[in-house]
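**Q** Quick one: this structure, given as C-alpha cells, is what I'll be asking you about.
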Amino acid sequence: MVPLASLVDVAFLGHLTEIRYLAGVAIATVLFNYIYWTFGFLRMGTTGLTAQARGRGEDDVVVLTLLRNSAIALFIGVIILLLQQPLREIGFALLQADPEVLEAGRAYYNALIWGAPATLLNFVLLGWFLGREQGKQVLLLSLISKSVNIVLDYLFIVRLGQSSAGAGAATAISQVVTLAVGLFLVYRELRSRFPEKRSLKQLVAQIWELSALKKIFSLNQDILIRTLALVSTFAVFTNLSAVMGTKVLAGNTLLLQVVTLAAYFIDGIAFATESIAGNLQGKGAKAQLLPLVKLAGSTSLIAGLSFAAVFTLFPQALFGLLTSHEDVIAQISNYLWWLFPILGFGSIAYMLDGYFLGLTAGKILRKSTLIAALVGFAPMAIAAWYWQINHLLWLALALFMVTRSITLSLKINHKVAE
C-alpha cells in the first residue's frame, strides 16, 4: 500500500501537461528523505526493542518502548515545524534543477511539512505493532493512509488543479488521519492491558529513566548514521540526475519508483524477519536465526528479480500508466536492465537490514552502509558527474547495493555466534 500511493502521486503528476511538477516533487522528496528518514530510527529502533522485550515476556518494557519513542518523535516533529523555513531555504539552495522545477518542489514542501509530527509518530506506532507481530494493525493503518492519500490526490490535483502543492497536502492530511486511527488502536489495547489508570501512570513516570534512554539513544545513533548514508546516496543520485537535465531526472525518477515499489514488497519480508529475529534473540533461541535468514533471503531475491523482469518485459504498458510523455518512456528503455543488479543485490541488503535491526545490531548496519556509500557508490558517482553519463550513475547505485549485501552477509555467522 505504501508504494501504491506514491505511484498514484506520480501517475497524477506524470499525466499533467508539464513534466516540471513531477520533477519538482522528485527534487523536494530528496529534502523530505533527509527530514523524515533521518529519524527512521523511530520505526526501526522501536521494532527491535519491542520484539526483544516481547520475547523476554517483559510487557511493561514493551509499553515503555512505545511511550519513550513517541515522546522523542513528538519533540522532533515540533522542532521540524518551528524550523521549517530555514530547512526549506538551506535544502533548496543545495539542490540543483531548473527554476520552474524548484518552484514546483517548494510548493510541495510548503504543504507536506505540516504533516511532520504525525509522520514521525506514525513511525513509532508502525514499529511498535511490527515488534509485537501485529501485521493486521500495520495493514489497516497502511490501507487508511494510502486510501485517504489517493482520494485527496484526485481531489486536489485533478479536480482543484493544485498540482505539486495538492500532492503535498494530500500526503500530510493522510498522515494525520492515520495517526488518529493508530492512537485509537493503541488506546484500546492499553485500556484492556492496564484496566487501572494507576498502573499505567506508574509506567508513564518511568519514561525518562536514564539507563533505558541511554540504550535507546545508543542504538538510534548507529541507525541514524546508517540512514543518513542511505538517504544521502539516493539524494546524490537524484541531484546528479537533475544536473543531467529535466528529462533525465524524470526518467530516473520513474525507474526509482520501480526500485521503491520492489523495496517495499521486500520490506514486508524484512519487517517479518526483524520481528521474528528480535523475538528469537529475546528467547535465546539463536540456533533458529540462520534458517530464518536463508528462508527470508531466498524469498527476497525471488521478489526482487521478479519485479525487475516484469518491468523489463512490459515497459511501455507499465510506465505508460505513470506518464504520458513518450520521450521520457523511450529514454527509460535504455536503462531498464540496471534493475536486475540493483534489485537482486538490493533485495538481500534490505532483508539483512531487517535481520540486524531485529538483533539491535546497529553498529553492523552503520559500518556496512558507510562502506557502501563511500567505497561502492561515491567513486563511480563522481565519474558519472564528470563525464555526464547516466549509465555510470546507475552503475554507482548498483555498486552501492552490491557492497551493502556483501558486507552484511559477511557478518551473519559472526552475529549468530555472539
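Counting in my numbering, the sequence shown runs from 309 upward without gaps.
Note that the Cβ used here is the ideal one computed from N, Cα and C, for glycine as well.
1) Please state whether DSSP places G592 in a helix, a strand or coil.
2) Three or more beta-carbon pairs under 8 angstroms between the region 536–547 and the region 333–347, yes or no?
3) Determine the DSSP secondary structure at W516, reduced to helix, strand or coil.
4) With a floor of 3 residues, list each beta strand (DSSP E) that falls wholly inside the region 629–714, ordered by position along the chain.
5) Would you call the CB atoms of S637 and F648 closer than 7 angstroms?
6) Taking V371 as the reference, which of A415, Q510, L395 and K444 has the closest Cα?
7) What span of residues does the alpha helix (DSSP H) with R414 cover, start to end?
8) Should Y495 be labelled buried (16 or more other beta-carbon atoms within 10 Å of its own) or exposed?
9) Answer with buried or exposed for R499, where buried requires no fewer than 16 other C-beta atoms within 10 angstroms of its C-beta.
10) Could you give the first and the last residue of the continuous alpha helix (DSSP H) run that contains Q392?
11) Would you grab the beta carbon distance between M709 and G654 for me? Rounded to a whole angstrom, and I think it's under 8 angstroms.
12) For P394 and S540, what's the separation of their Cα atoms in angstroms?
13) Could you give the distance in angstroms between the alpha-carbon of L330 and the alpha-carbon of T620?
14) Could you tell me which uninterrupted alpha helix (DSSP H) segments, each at least 4 residues in length, are contained entirely in the region 317–370, listed from first to last along the chain?
15) Should D461 and F320 be called a contact, given that it needs their Cβ atoms to be closer than 7 angstroms?
16) Let me confirm a value: S641 is counted as buried when at least 16 other C-beta atoms fall within 10 Å, else exposed. Which label applies?
17) Measuring straight from C-alpha to C-alpha, what distance separates G652 and T711?
18) Would you report the Cα separation of E517 and L375, rounded to the nearest angstrom?
19) At which residues does the alpha helix (DSSP H) containing G439 begin and terminate?
20) Could you tell me the boundaries of the alpha helix (DSSP H) in which K444 lies?
21) For Q470, which of helix, strand or coil comes out of DSSP?
22) Determine whether the beta carbon atoms of T354 and E582 lie at a separation below 7 angstroms.
23) Taking L644 as the reference, which of I656, S676, A706 and P599 has the closest Cα?
24) G439: which of L667, L521 and A681 sits nearest, CA to CA?
25) From L357 to Q445, what distance separates their C-alpha atoms?
**A** Short version:
1) In the three-state scheme derived from DSSP, where H, G and I count as helix and E and B as strand, G592 is classed as coil.
2) Judged by Cβ distances under 8 angstroms, the region 536–547 makes contact with the region 333–347, as three or more pairs qualify.
3) coil
4) None, since the region 629–714 contains no complete beta strand (DSSP E) of that length.
5) Here residue 637 is Ile; the residue named in the question, Ser, does not match the sequence. Going by C-beta atoms, I637 is not nearer than 7 angstroms to F648.
6) Q510
7) Note, R414: alpha helix (DSSP H), P407 to L420.
8) exposed
9) exposed
10) Where Q392 is concerned, the enclosing alpha helix (DSSP H) stretches over Q392 to L402.
11) 4 angstroms
12) 19 angstroms
13) 22 angstroms
14) Whole alpha helix (DSSP H) segments, 4+ residues: 328–345 and 349–363.
15) yes
16) exposed
17) C-alpha separation (whole angstroms): 12 angstroms.
18) 12 angstroms
19) A424 to G439
20) Looking at the DSSP string, the run of the alpha helix (DSSP H) that includes K444 is G443 to D461.
21) coil
22) no
23) A706
24) L667
25) One C-alpha to the other measures close to 19 angstroms.
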